[in-house]
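My numbering numbers the first residue of the sequence shown as 27 and each following residue consecutively.
Ideal Cβ placement from N, Cα and C applies to all residues, glycine included.
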Amino acid sequence: MIIGGRQFWLWRAVDDEGEVLDLLLQRRRDKASAVKLMRKLLKKQGFAPDVLVTDKLRSYGAARSQLGLAARHEQGLRRNNRAENSHQPIRRRERKLQRFKSPGSAQHFLSAHAAVYNTSHEQVQVKG
Numbered sequence: 027m028i029i030g031g032r033q034f035w036l037w038r039a040v041d042d043e044g045e046v047l048d049l050l051l052q053r054r055r056d057k058a059s060a061v062k063l064m065r066k067l068l069k070k071q072g073f074a075p076d077v078l079v080t081d082k083l084r085s086y087g088a089a090r091s092q093l094g095l096a097a098r099h100e101q102g103l104r105r106n107n108r109a110e111n112s113h114q115p116i117r118r119r120e121r122k123l124q125r126f127k128s129p130g131s132a133q134h135f136l137s138a139h140a141a142v143y144n145t146s147h148e149q150v151q152v153k154g
């Protein structure tokens, strides 16, 4: 996402039901940013997850080992679709040229948007 002509990365944590647990807007996509997000999540949730599903970015594994998490780490194509689907409303806003003016305003809006999205989002049960 580009804000004020600078590239930013939106880090999202989504549970297995598709609810957005937390999000963080960062300038970089490195180990320090991943550690920051994971610490924020651990503090907010109060417990460590059993399974960590991410894309193939190596920063997640490095952050996991730095924090000493024993969670199983699954990576790969389409495994993190819940996180990608939670990003669609933000992409729609970007396409309509309703861009964010600053990182602070983006973080504030996205945090509020995640809370509203979680309460109004209908869970679809897949049988099979």
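Query raised in the report: What residues in its chain sit with their C-beta under 7 Å from that of V61, if we drop five residues either side in the sequence?
Result: Indexing the sequence shown from 1 puts residue 61 at position 35. Within the same chain, V61 has close Cβ partners A89, Q92 and L93.
**Report entry** Of the listed residues G30, K82 and A39, nearest to L68 (C-alpha basis)
**Finding:** Numbered from its first residue, the sequence shown carries residue 68 at position 42. Ranking the options by Cα distance to L68, first place goes to A39.
Query raised in the report: With 16 as the cutoff for other CB atoms within 10 Å, does F126 come out buried or exposed?
Result: To locate residue 126, count along the sequence shown from 1; it is residue 100. So F126 counts as buried.
Query - Complete runs of the beta strand (DSSP E) confined to the region 52-92 [at least 3 residues] - result: Listed in chain order, they are 77-80.
Requested in this report: Go to E100, then tell me how far its beta strand (DSSP E) extends in each direction, as first and last residue.
Outcome: Within the sequence shown, the letter at position 74 stands for residue 100. According to the DSSP assignment, E100 belongs to the beta strand (DSSP E) that extends over R98 to Q101.
**Report entry** Where L136 sits in the DSSP three-state scheme
**Finding:** Position 110 of the sequence shown, counted from the start, is the residue given in the question as residue 136. Helix, per DSSP.
Query - Status (buried if at least 16 other CB within 10 Å, exposed otherwise) for A140 - result: Within the sequence shown, the letter at position 114 stands for residue 140. Classification for A140: buried.
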